[in-house]
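Each residue of the sequence shown is one higher than the last, beginning at 4 in the working numbering. No residue lacks a Cβ here, since even glycine has one placed at the ideal position from N, Cα and C. Given the structure is predicted, the values throughout are model-derived calculations rather than measurements.
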Amino acid sequence: MFLAMTKITYGYAILAAQMKEIVVTRLSEGQRIEKFVRKYFSEAPLGFIYKAFRKKDIKVNGHWVPKDFVIHEGDVVRVYITDQQLEDFKKPRPVTAKDLPYPIAYEDDQVLIIAKPKGLLVYGDATGVRETLGNAVLDYLCFKGEYDPSDSAFTPSPAHRLDRNTSGLVVYGKTDAALKELTLLFKERTEIQKKYLALALGDLPKDGTIDAPLWKDAQSGRVYVRPIEKGGKTAITKYRPLRRYGNYTLVEVELVTGRTHQIRVHFASIGHPLVGDEKYGDFESCREVKRLTGLESQFLHAYSLTFGNVGGALKKLRGKTIEAPLPQEMDRIIELLTESNAK
4 MFLAMTKITY GYAILAAQMK EIVVTRLSEG QRIEKFVRKY FSEAPLGFIY KAFRKKDIKV
64 NGHWVPKDFV IHEGDVVRVY ITDQQLEDFK KPRPVTAKDL PYPIAYEDDQ VLIIAKPKGL
124 LVYGDATGVR ETLGNAVLDY LCFKGEYDPS DSAFTPSPAH RLDRNTSGLV VYGKTDAALK
184 ELTLLFKERT EIQKKYLALA LGDLPKDGTI DAPLWKDAQS GRVYVRPIEK GGKTAITKYR
244 PLRRYGNYTL VEVELVTGRT HQIRVHFASI GHPLVGDEKY GDFESCREVK RLTGLESQFL
304 HAYSLTFGNV GGALKKLRGK TIEAPLPQEM DRIIELLTES NAK
């Protein structure tokens with residue numbers, strides 16, 4: 004089917020438009036049609052998308068629908084678009100089908116939880132580095148046949164993030180429905196419990212709670228303790244000492260809130276910075292630990308996630324606790340510090 008057109012739109016000489024037919028898959032279940040089209044034609048100007056809706060050039064199951072219409076698996080979306088626009092507006096991200104090189108802590112048809120190694124970015128940065136956890140996940144899902152970047156309006160994504168030099172559990176939504184529910188879950192924090200293992204400088208004799216509002220300097224990226232009336236945001240961290248190694252204490256940390264660099268700043272604020280933390284920690288201690296163990300960044304590992312009364316796309320996680328043990332290199336650091344203290 005072709006529609007004759009003679010004018011220029013967004014710099015393209017349009018002679019004829021053809022109908023592009025897209026069958027909605029399980030990955031995109033529950034999306035609004037506007038979001039679906041914007042993601043599918045990821046390089047299209049917003050003006051093109053909005054004009055297509057105004058002209059009723061976007062239909063679902065043969066009928067015109069408003070922009071907030073919710074699509075479901077099996078729906079047929081039809082968009083009138085030229086071959087040139089289709090080529091320019093639909094540019095899938097590069098994916099290489101291959102197995103995941105990192106440990107999988109949990110997986111079902113909706114969710115993927117990975118034990119991220121220290122030093123690996125979750126997202127790409129300004130350098131355009133290809134080796135990120137996000138790219139590895141897409142490669143893996145393509146390898147499994149669960150994701151096709153050339154024919155998808157949804158990209159599996161993490162519901163939260165870890166600093167590059169923090170290891171541990173990262174949760175991905177494999178479908179739009181799961182990602183929405185996970186994002187809300189991590190935001191509200193009523194049905195999920197996040198725990199970390201951290202090595203702190205000094206002797207922490209008993210359990211404690213750090214309740215200190217935090218403020219982030221957008222220019223420097225540093226985070227500071229600051230009263231709420233001066234711009235700080237509520238930040239609460241609970242901790243429990245597990246074992247002492249001379250002048251160091253291994254602690255289990257529970258995040259009640261989830262501010263940027265919260266654990267690192269909170270422990271520094273009580274005089275027990277994380278071992279190896281050159282940004283917020285003790286300079287002399289960092290230099291000594293680096294000399295003894297080679298550690299060049301904070302000793303922090305996201306080791307446990309406990310899911311409460313979750314449902315919907317997350318129902319298989321209800322009541323489950325997912326854990327990732329300390330990596331061998333972190334165990335080795337503890338051994339070296341223990342040996343040093345024994346001398």
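- For the options Val-98, Val-125, Gly-148, the alpha carbon positioned closest to that of Asp-112 is the one of Gly-148.
- At the C-beta level, Ile-36 and Pro-69 come within 9 angstroms of one another.
- Separation of Thr-240 and His-264 (C-alpha to C-alpha, rounded to the nearest whole angstrom) is 11 angstroms.
- The alpha carbon of Ile-195 has as its nearest neighbour, out of Leu-277, Leu-185, Leu-202, Val-278, the alpha carbon of Leu-185.
- Membership of Thr-324 in the beta strand (DSSP E) is indicated by the continuous run 324–326.
- Here DSSP, grouped into helix, strand and coil, assigns Glu-24 to strand.
- For a cut-off of 8 angstroms, the C-beta gap from Arg-41 to Ile-52 is around 6 angstroms, short enough to register as a contact.
- In this structure, Pro-159 places its C-beta atom within 9 angstroms of the C-beta atom of Val-140.
- Secondary structure at Gln-196: strand, using DSSP grouped into helix, strand and coil.
- Every unbroken stretch of the beta strand (DSSP E) spanning 3 or more residues and falling wholly within the region 63–111 is given here in chain order: 79–84, 107–110.
- In this structure, Leu-258 sits away from Val-278, with a CB-CB distance that is not shorter than 9 angstroms.
- With respect to the C-alpha of Gly-211, the residue from Ile-273, Gln-88, Val-292, Pro-330 having the closest C-alpha is Ile-273.
- One Cα belongs to Ala-271, the other to Glu-134, and the distance between them is close to 31 angstroms.
- Shortest Cα-Cα distance from Val-63 to any of Phe-39, His-269, Pro-97 involves Phe-39.
- Here the alpha carbons of Phe-302 and Asp-206 stand approximately 16 angstroms from one another.
- Separation of Lys-121 and Arg-81 (C-alpha to C-alpha, rounded to the nearest whole angstrom) is 44 angstroms.
- Put simply, the region 244–257 touches the region 331–345. At least three CB pairs are less than 8 angstroms apart.
- For the 9 angstroms CB-CB criterion, Thr-99 and Cys-145 form a contact.
- Taking C-beta atoms as the reference points, His-304 and Ser-170 count as a pair closer than 9 angstroms.
- In the three-state DSSP reduction, Ser-307 falls in the strand class (E or B).
- In the structure shown, Lys-236 adopts extended strand secondary structure according to DSSP, grouped into three states.
- Annotated three-state conformation of Tyr-150 is coil, per DSSP.
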